[in-house]
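These notes concern the structure reproduced below.
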Amino acid sequence: MWVITKSLVFAGLFLFLGYSQAFAMLLAPENIDISLSQGFSFSFEILIENSSEFSNNYSIKVLDASVDSDSQDIVFLSTKIGAQWIVPEVTNVSLAPKENRSLLVNINVPSDLRPGSYVFGIQALEEAGNPTNISVNYGAVSLLFLTVEGKMETHADISNFSATKEFFAHLPIEFSATIENDGQRMSQPSGAITIRNLFGSIVNVLTFNESSQRILPGQTRTLSVLWGNNDYEEGFLQEILEEMKHFTIGIFKIESVILPFEDTSVSPPPFWIVVFPWRLALVLGFLTSLALAVFFFARSRIWR
Numbered sequence: 027m028w029v030i031t032k033s034l035v036f037a038g039l040f041l042f043l044g045y046s047q048a049f050a051m052l053l054a055p056e057n058i059d060i061s062l063s064q065g066f067s068f069s070f071e072i073l074i075e076n077s078s079e080f081s082n083n084y085s086i087k088v089l090d091a092s093v094d095s096d097s098q099d100i101v102f103l104s105t106k107i108g109a110q111w112i113v114p115e116v117t118n119v120s121l122a123p124k125e126n127r128s129l130l131v132n133i134n135v136p137s138d139l140r141p142g143s144y145v146f147g148i149q150a151l152e153e154a155g156n157p158t159n160i161s162v163n164y165g166a167v168s169l170l171f172l173t174v175e176g177k178m179e180t181h182a183d184i185s186n187f188s189a190t191k192e193f194f195a196h197l198p199i200e201f202s203a204t205i206e207n208d209g210q211r212m213s214q215p216s217g218a219i220t221i222r223n224l225f226g227s228i229v230n231v232l233t234f235n236e237s238s239q240r241i242l243p244g245q246t247r248t249l250s251v252l253w254g255n256n257d258y259e260e261g262f263l264q265e266i267l268e269e270m271k272h273f274t275i276g277i278f279k280i281e282s283v284i285l286p287f288e289d290t291s292v293s294p295p296p297f298w299i300v301v302f303p304w305r306l307a308l309v310l311g312f313l314t315s316l317a318l319a320v321f322f323f324a325r326s327r328i329w330r
């Protein structure tokens, strides 16, 4: 039995060598999530669009992928394991300017494939011989996240739940946690970060991993959550305005519940932060001192 979940942004549209108005293409969806049992088959569609001003030919193929042990990024491999049982309906397609076409991709999961989560790339690559005789080829990749159901280990370690520092002058404040997926199933963590004041009252509740980023088996990622927004420019005056706009002061306790998998929850140790708008306090203190000085000076002049 198969299950398809909604496509969510993770790696985005991958452009191999850049982008130009003359040579533009689209491959959608950007991400495909499919769950199948061993020995089952399934077909899905991808859309390829020639957004350029010229007719182009594209080659379609399947790329094996894995997690790079150093960068922890998804990298494409030269092997063709997935290409043996993930087969595009066609391997070449010709499109006129602004034309698009849906292509069928067939999956036949081997009956002896180990249960777990896998990632592949469905690549569309512009073939050589475009009208301008430029030798640069453009391509795009849709990421296929395939989970083969069965008995598998699901385990993830959560560490370094913290803020960027302990003392802040204003929002935004960034919280983050590092998740190491050392199991066999892909993780799409969820959860909540609760902010309490010194008296225990809830000030705010933030959604952890609101964009549903994925962590593949063997991958370690640090996911961040912002309290407040960072749509302001740096500078002393701008910082003062930000402290006024998002006035926050106090000592806050930061708690969290993180679910690396649907049936697993972890509560990392809480910690405390201090928010004190010192620039605003400095300016207000200066203005208050100036006002008192003017007041006492004027008063002394009147009583002479």
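Numbering-wise, the numbering used here comes out as the position in the sequence shown, counting from 1, plus 26. All residues carry an ideal CB built from backbone N, CA and C; glycine is no exception. Treat the numbers as computed from the prediction; the structure is a model and nothing was measured.
Where Leu-103 is concerned, there is no enclosing beta strand (DSSP E), because DSSP gives it neither an H nor an E. By the CB criterion at 9 angstroms, Val-131 and Val-174 fall outside the cutoff.
Between Glu-206 and Trp-253, the CB-CB gap reaches or exceeds 9 angstroms. The beta-bridge partner set that DSSP reports for Ala-319 is empty. Here the alpha carbons of Phe-312 and Ala-324 stand approximately 18 angstroms from one another. Taking the C-beta atoms as reference points, Phe-171 is found nearer than 9 angstroms to Val-145.
In this structure, the CA atom of Ile-100 is about 13 angstroms from the CA atom of Asn-57.
Annotated three-state conformation of Gln-149 is strand, per DSSP. By the Cβ neighbour-count rule, Thr-248 is exposed, with fewer than 16 other Cβ atoms within 10 Å of its own. With respect to the 9 angstroms criterion, Ala-218 and Val-283 are classified as neighbours on the basis of their beta carbons.
Take the alpha-carbon of Pro-296 and the one of Glu-281: they are about 5 angstroms apart. Boundaries of the beta strand (DSSP E) harbouring Lys-87: 82–93, taken from the DSSP string. At the C-beta level, Val-309 and Ile-275 stay beyond 9 angstroms of one another.
Excluding the 5 residues flanking it on each side, Lys-177 has same chain C-beta neighbours closer than 8 angstroms at Pro-141, in chain order. Distance check between Thr-290 and each of Lys-191, Ile-184, Asp-96 places Ile-184 closest, using alpha-carbon atoms only. Between the alpha carbons of Leu-263 and Arg-327 lies a gap of roughly 35 angstroms. Three or more pairs of CB atoms, one per stretch, sit closer than 8 angstroms, so the segment 113–123 contacts the segment 68–76.
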